[in-house]
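Chains as they are written, first to last, in the numbering used here: chain A, 1 to 556; chain B, 1001 to 1431.
Idealized CB from N, CA, C, for every residue including glycine.
These numbers were taken from a predicted model, which means no experiment stands behind them.
Heads up, the thing below is written out as structure tokens.
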């Protein structure tokens, strides 16, 4: 078994309280204790003196696979001018396209190039699980996982209306097993179903979903309960109501309160933190302050930001109503696709313009979130790729967080309203290297319940990023010196040397995971495919790894 | 595997005959052959039953003569390796796995990748890339649609079970009365089997479809129109146009199915764009979606793989070392026309069904490697031909329906032949 020693680097491993010179030893793909025998030699030693050594990055929320991502790739040929990715010399390497929605091969390679080794697609319709797994097979190097969409599922809403918690729990367990999913996502609970009925949208937690006679409050609390009861590694991952609408902060706060007593992860919280009135942008302002205060005092809740960055990108969401809203507001092309019994989706190109006061405020609100959540373990870096911007923009965000002067310089170039309607200018906090390591790897791994990710203690995956220290933090984090994945040097000075497949992380919930006859009967009566053809076959899952939860570890 | 004499039943098989991808077929095997296909329609049944494997053809030929597989794979790899302008064509009659294997070769040798049927698809793709598309999985139509429009298509003839399984007869959660709860509208240039079963038929000439869609869009949006101009442009009386627009607007959940009636080129793209915009606009106060009926085989799967690997669903050129989407240029026909092909790898489709005679003649001058069921029996000279197992009957894998839903194949019998994927992977490993 090959033994790698990363010698003498400045190791930043917040999970294990390490922030200083140390060696990291990796054997059999995992971090091991330094050998007791001082004469024991490594097969390869990387001299990391003068370098910063961190666990590889972990992305808790992005959109990198599945039919809506695929539609977005095809929708935007005009982005070809933003460059392409030629094949590297690594054996088996492939070429790809770039732009706001890179092709599958480019996605894996670019995450690796950024020093990331794990990414979680946050929104796959269960019926889209099969194509998502086939895309994961073509998304190299990184470990992948996805969350399945449940917040508008007919069977789920029927069980909630009937008050059948046990059957709801069994369904969730069965569905995760059938799709080889990693966790549960709820998007605009009940709202997508309402919209698919041509009846507008829900706007409060207590609106009643037509036909199903349940409320968003019931849906999100009952699913959160089922996820907790199943002890899944990752809590319910929530995209709440009224995304992107002025005044939505009030609903967001009510949502946080409704979740009392449950674990939950609030996705792209920036998009849910706006003051003002719906339909009136005149009073649009930041409400990150009071919402962050709530998060600060409620330890069962975590967030990722969904940072907006200026430039061209593609919005994509299972919140189908948002897609139509953006299409109407922006007048740009619109892909929408309803998924039977489960969900919908919307894809619309968008350009975040730094001269647009609303867009500039969205940028500021995202940064406020990073700076206002006191405990970095409770907040993860995200752009909601590609919604707020590309994952490739993470180094830009890091630079803004670590350097207040740089942040104020940017803020002062933006429209005046941003400075009066956001408190960003008053926030003097600067992130330390250790805090950056927390929000980009240690915290997202912990939120996901991936005990073998995001740290460098014995037993952790041998996924390590090595950076050359640089006063220009954007450059430092854009160009890692090395990425090591499962103990193998993948990236060396900007070149991909190896092109492994990466793993597919999924859960295998225990207990009653046989579909009861009731599920099959409902499915056969309602779906357009045979129940027997719904589950993803084992051979369709690329290099699968079942993860136990919570705080469990993987077993092959 | 060929269990002579034994009788077996394979449930939930997926039929690739017409594009419906019915996945409830009960395949009965006797003596190593398919003898019955329960639930299959008049198109699906012969697809499963009457096709016979092998029939004494050699499994592999080189220049028309029987040859060993390894030799032929070595030769195929040598031809492709030495090619300066290779084209990989077809891919619509196989699985997403085999398409991925073919694209791995394309990436390595810098080939043009062109899907069978791309000329028709190109116009629709262009319209999609301009305005997007509002669509749904077929189960949504089954469960919700109270207005169903068949525009220039005749599913009762071409997709016999569409009506029963997806679009009209099913008693869905939101349409509990089934057929009685749905208004079925046919728009076509002539009376069809489907129009005779519809509630409303509107006749429009093929070359007036774009005008018709534009006028309908104006009516739906409540834009003032000049009745005389509208009638002259569409050839349809205003009363009929208004009645149609009114029915569309009364939908709670509308679904419009179209096919290839818009034709190719910019005219086809323009007409299809008008359709996409009409459907998009209809989503005010109601839901309205549009889909195709789908075609035989797995063209949807091939487009999907090309989409996620290369960012475009057809017309991809890997010649620069990365994928470029070159509509109208990165096609077999365009490259043959320009004399810019020196090797072609044909997978799972027969060019004779897609290209005109002149193009077939030109194709005959180019070294061709064919990986397709029955290829060794084709009447044309081929550099290399590999007979392979038929997906869905003798070979497994995964296929996609027109709405993107993916389904597993359940091969009922063994042909003793390798799969196309096996051959492509072997060629890919030697290129």
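When the Cα atoms are used, what is the spatial distance from residue i to residue j?
i	j	result
residue 418 (chain A)	residue 411 (chain A)	8 Å
residue 1182 (chain B)	residue 195 (chain A)	20 Å
residue 172 (chain A)	residue 232 (chain A)	10 Å
residue 182 (chain A)	residue 1009 (chain B)	35 Å
residue 512 (chain A)	residue 166 (chain A)	With a pLDDT of 49 at residue 512 (chain A), under the threshold of 50, the modelled position of that residue is not reliable, and no figure is offered here.
residue 1120 (chain B)	residue 1165 (chain B)	26 Å
residue 1309 (chain B)	residue 271 (chain A)	30 Å
residue 43 (chain A)	residue 4 (chain A)	6 Å
residue 1200 (chain B)	residue 1184 (chain B)	7 Å
residue 9 (chain A)	residue 393 (chain A)	26 Å
residue 481 (chain A)	residue 446 (chain A)	25 Å
residue 510 (chain A)	residue 169 (chain A)	11 Å
residue 357 (chain A)	residue 222 (chain A)	38 Å
What does residue i touch in chain A if you count any residue whose Cβ is under 8 Å from its own?
i	result
residue 1212 (chain B)	Neighbours of residue 1212 (chain B) on chain A: none; closest Cβ ~23 Å, over 8 Å.
residue 1313 (chain B)	74
residue 1024 (chain B)	530
residue 1217 (chain B)	The contacting residues do not exist; residue 1217 (chain B) stays about 15 Å from chain A at best.
residue 1252 (chain B)	197, 198
Could you name the residues of chain A that residue i contacts, counting a contact when the two beta carbons are closer than 9 Å?
i	result
residue 1011 (chain B)	530, 532
residue 1318 (chain B)	95
residue 1307 (chain B)	70, 71, 73, 74, 103
Please confirm if residue i has its CB atom under 8 Å from at least one CB of chain B.
i	result
residue 162 (chain A)	no
residue 468 (chain A)	no
residue 105 (chain A)	yes
residue 74 (chain A)	yes
residue 80 (chain A)	yes
residue 343 (chain A)	no
residue 537 (chain A)	yes
residue 526 (chain A)	yes
residue 86 (chain A)	yes
residue 77 (chain A)	yes
residue 299 (chain A)	no
Mind pulling the chain A residues with CB within less than 7 Å of residue i?
i	result
residue 1304 (chain B)	70, 131
residue 1140 (chain B)	338, 340
residue 1166 (chain B)	528
residue 1173 (chain B)	526
Using beta carbons (cut-off 8 Å, strictly below), is residue i in contact with chain A?
i	result
residue 1191 (chain B)	no
residue 1310 (chain B)	yes
residue 1255 (chain B)	no
residue 1100 (chain B)	yes
residue 1094 (chain B)	no
residue 1227 (chain B)	no
Quick one: is the Cβ of residue i within less than 7 Å of any heavy atom of the ligand ADP?
i	result
residue 66 (chain A)	No copy of the ligand ADP appears in this structure; indeed no ligand is present at all.
Can you name the residues of chain B whose CB is closer than 7 Å to the CB of residue i?
i	result
residue 140 (chain A)	Under the 7 Å cutoff, chain B gives no residues; its nearest Cβ is about 11 Å from residue 140 (chain A).
residue 127 (chain A)	1137, 1405
Closer than 8 Å by beta-carbon distance: list the chain B residues that pair up with residue i, in chain order.
i	result
residue 91 (chain A)	Near residue 91 (chain A) there are no residues of chain B at all, since even the closest Cβ is about 11 Å away, more than 8 Å.
Given that residue i touches chain B, what residues does it touch there, using C-beta distances under 9 Å?
i	result
residue 38 (chain A)	Result: empty, since nearest Cβ-Cβ is about 45 Å, beyond 9 Å.
residue 312 (chain A)	By Cβ distance, chain B contributes nothing, its closest Cβ being about 15 Å from residue 312 (chain A), past 9 Å.
(request) Anything in the region 1322-1349 of chain B with a Cβ closer than 9 Å to a Cβ of chain A? List those residues in chain order, please. (result) When CB distances to chain A are screened at a threshold of 9 Å, the residues of the region 1322-1349 of chain B falling below it are 1322, 1323, 1324, 1325, 1327, in chain order.
(request) Could you name the residues of the region 228-260 of chain A whose beta carbon sits closer than 9 Å to any beta carbon of chain B, in the order they occur along the chain? (result) Of all residues in the region 228-260 of chain A, none has a Cβ within less than 9 Å of some Cβ in chain B.
(message) Please identify, using Cβ separations under 7 Å, the residues of the region 318-334 of chain A that lie next to chain B, in order along the chain.
(response) Cβ proximity to chain B below 7 Å picks out 324, 333, 334 from the region 318-334 of chain A.
(message) Which residues of the region 1120-1132 of chain B have a Cβ closer than 8 Å to any Cβ of chain A? Give them in chain order.
(response) Listed by position along the chain: 1125, 1128, 1129, 1130, 1131, 1132.
(message) Ignoring anything shorter than 4 residues, give me the alpha helix (DSSP H) runs that lie fully in the region 56-89 of chain A, in order along the chain.
(response) The region 56-89 of chain A contains these whole alpha helix (DSSP H) runs: 67-75.
(request) Mind checking the region 181-209 of chain A against chain B and listing, in chain order, the residues whose C-beta falls within less than 8 Å of any C-beta there? (result) Against chain B - using a Cβ distance shorter than 8 Å - the residues of the region 181-209 of chain A are 195, 196, 197, 198.
(message) At 4 residues or longer, what runs of the alpha helix (DSSP H) sit wholly inside the region 1263-1328 of chain B?
(response) Under the rule that a run must span 4 or more residues, the alpha helix (DSSP H) segments found entirely inside the region 1263-1328 of chain B read 1265-1281, 1299-1310.
(message) Along the region 1280-1303 of chain B, where does the CB come closer than 7 Å to a CB of chain A? Name the residues.
(response) From the region 1280-1303 of chain B, only 1280, 1283, 1285, 1286, 1287, 1289 have a Cβ closer than 7 Å to chain A.
(request) Output the residue ranges of the beta strand (DSSP E) runs that lie fully inside the region 1380-1407 of chain B and measure 3 residues or longer, sorted by chain position. (result) Correct list: 1384-1386, 1397-1400.
(message) Quick check for students: name the residue ranges of the beta strand (DSSP E) that lie wholly in the region 1175-1262 of chain B, counting only runs of 3 or more.
(response) Unbroken beta strand (DSSP E) stretches of 3 residues or longer found wholly inside the region 1175-1262 of chain B: 1183-1188, 1200-1203, 1253-1258, given in chain order.
(request) Please list the segments of the beta strand (DSSP E) lying wholly inside the region 1037-1090 of chain B, counting only runs of 3 or more residues, in order along the chain. (result) 1060-1062, 1086-1090, all fully within the region 1037-1090 of chain B.
(request) Mind listing, in chain order, the continuous alpha helix (DSSP H) runs of no fewer than 4 residues lying wholly within the region 128-216 of chain A? (result) Secondary structure within the region 128-216 of chain A: the alpha helix (DSSP H) runs of 4 or more consecutive residues, fully enclosed, are 129-137, 154-162, 165-179, 191-196 (chain order).
(message) As an exercise, report each continuous alpha helix (DSSP H) stretch of at least 4 residues that is fully enclosed by the region 334-394 of chain A, in chain order.
(response) Complete alpha helix (DSSP H) runs here, min 4: 357-372.
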